[in-house]
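Asker: Dropping a structure here in structure tokens format, bear with me for questions.
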Amino acid sequence: MDQVRPPAWVDPAIACSILQGIWVALSATAVASLVVPQLHALSLHGRFSSPSRPLMVWKGYFGIFYALGWIWNGLVLCWVWDPLSTAALVAECAPALVDVVLSTASVNGPTLLCLIVLQCHLFRRTMESWAITEFGSSTMHASACLLGVGHYMLVSLSIVLDPSATSPIELTPFTIVCGVAGLGLFVVASVHQMRCNLVLAQLKRAGGYSLPSGDWFELTWSPLYLAEILIYASLALLTAGRHLSLVYIALWVAVNQGISAERAAAWYKVTFPAAASMRRATLFPGLW
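386 is the number of the first residue of the sequence shown in my numbering; add one for each residue after it.
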């Protein structure tokens, strides 16, 4: 009897290409939301959305998909830490995936570090969502919640299935500088994201929306979005730019957060007349 061949997508190289295509498609969809009304409506959340629209859910569910992302990324970390044991478990329930698991048997240091850094990021964001962020009655479309869960699951898979994840890394001054700079950027962006999140939470506890000030809010209208972009840029920097999937992910995050930042800056200037005279960037200080 002929052996049943596994589907093509379980081949690590094909799976990586599919994942990279998804990130490109997401970036294109985000840009399309600027001109396609249906996509535009789906992308609105928080103060920009209407709770009366169908399939709207509480924005506090952000905390759930951060938690799910943290659990999933932890499982992926266990997978690459001990791929042989993982392969033995997978062989019992999904034999077709064994080759995918074994393809990560020699994950290099920068890739492992990216997973660890992502795990720290997801843990912090989960704790912030539950202990700091004030969601109030803000809503988002259910599709945004599903996108959030899918995003973090696909990020972890993209990190380990990229061909550069298992390629040998030569320790050079350039790779060392990139690694140190990536870690430094991650820490700085994470600290300021948490501080600015606290600024917004304190404003909402004091009585709702008002002009935020302090920390990176003195430089930009959207420091949370800026920090998110820098965090994903730090992951790409940790691999010295060799990890193409991480570059695609960073571009998707930059496009998505940039669109949100444009909406936020416009909202502040329309809602608060004093905002028009403030010299704050839409997103990147000194650039835009």
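Glycine is no exception: its CB is placed at the ideal position from the N, C-alpha and C atoms.
For the alpha helix (DSSP H) containing residue 496, name the first residue and the last one.
Answerer: Here the alpha helix (DSSP H) through residue 496 covers 494 to 516.
Asker: What span of residues does the alpha helix (DSSP H) with residue 538 cover, start to end?
Answerer: 527 to 546
Asker: CA-CA distance, residue 642 and residue 525?
Answerer: 16 angstroms
Asker: On the DSSP letters alone, give me the boundaries of the alpha helix (DSSP H) that residue 630 sits inside.
Answerer: 629 to 656
Asker: Please tell me whether residue 546 and residue 418 are closer than 9 angstroms, where the distance is taken between their beta carbons.
Answerer: no
Asker: Look at the alpha carbon of residue 664 and the alpha carbon of residue 610, and state the distance between them as a whole number of angstroms.
Answerer: 18 angstroms
Asker: In or out: residue 598 buried (at least 16 other Cβ within 10 Å) or exposed?
Answerer: By the neighbour-count rule (16 or more Cβ atoms within 10 Å), residue 598 is not buried but exposed.
Asker: Label residue 662 either buried or exposed according to how many other C-beta atoms from any shown protein chain fall within 10 Å of its C-beta, with 16 as the threshold for buried.
Answerer: By the neighbour-count rule (16 or more Cβ atoms within 10 Å), residue 662 is not buried but exposed.
Asker: By the three-class DSSP mapping on this structure, what secondary structure does residue 434 have?
Answerer: Below a pLDDT of 50, predicted positions are generally treated as unreliable, and residue 434, at 48, falls in that range; no measurement from the model is reported.
Asker: Could you tell me the alpha carbon to alpha carbon distance between residue 668 and residue 618, rounded to whole angstroms?
Answerer: If you take the alpha carbons of residue 668 and residue 618, they lie about 15 angstroms apart.
Asker: Go to residue 560, then tell me how far its alpha helix (DSSP H) extends in each direction, as first and last residue.
Answerer: 558 to 590
Asker: By the 10 Å Cβ neighbour count, where 16 or more other Cβ atoms means buried, how is residue 552 classified, buried or exposed?
Answerer: Flag for residue 552 reads exposed.
Asker: Quick one: what's residue 551 bridged to in DSSP?
Answerer: DSSP lists no partner for residue 551.
Asker: State the CB to CB distance for the pair residue 503 and residue 458, rounded to an integer number of angstroms; the pair is presumed to be in contact (CB under 8 angstroms).
Answerer: 6 angstroms
Asker: Smallest Cα separation from residue 498: which of 575, 624, 592, 397?
Answerer: 624
Asker: Assuming contact is defined by CB atoms lying nearer than 9 angstroms, are residue 566 and residue 616 in contact in what I supplied?
Answerer: no
Asker: Excluding the 5 residues flanking residue 595 on each side, which residues of the same chain have their C-beta closer than 6 angstroms to its C-beta?
Answerer: Excluding five sequence positions before and after residue 595, the CB atoms of its chain that fall closer than 6 angstroms to its own CB belong to 588, given in chain order.
Asker: In whole angstroms, give me the CA-to-CA distance for residue 656 and residue 622.
Answerer: 38 angstroms
Asker: Residues in its own chain within less than 7 angstroms of residue 627 by CB, not counting five upstream and five downstream?
Answerer: 549
Asker: If we ignore side chains and look at the alpha-carbon of each, how far apart do residue 533 and residue 635 end up?
Answerer: 15 angstroms
Asker: Measuring straight from C-alpha to C-alpha, what distance separates residue 640 and residue 556?
Answerer: 32 angstroms
Asker: So, is residue 650 buried or exposed, given that buried needs 16 or more other C-beta atoms within 10 angstroms?
Answerer: Its Cβ being crowded by 16 or more others within 10 Å, residue 650 is buried.
Asker: Quick check on residue 387: does DSSP put it in helix, strand or coil?
Answerer: Model confidence at residue 387 stands at a pLDDT of 46, short of 50, so the residue's coordinates are unreliable and nothing is read from them.
Asker: Applying the criterion that 16 or more other CB atoms from any shown protein chain within 10 Å of the CB defines a buried residue, is residue 415 buried or exposed?
Answerer: So residue 415 ends up on the buried side.
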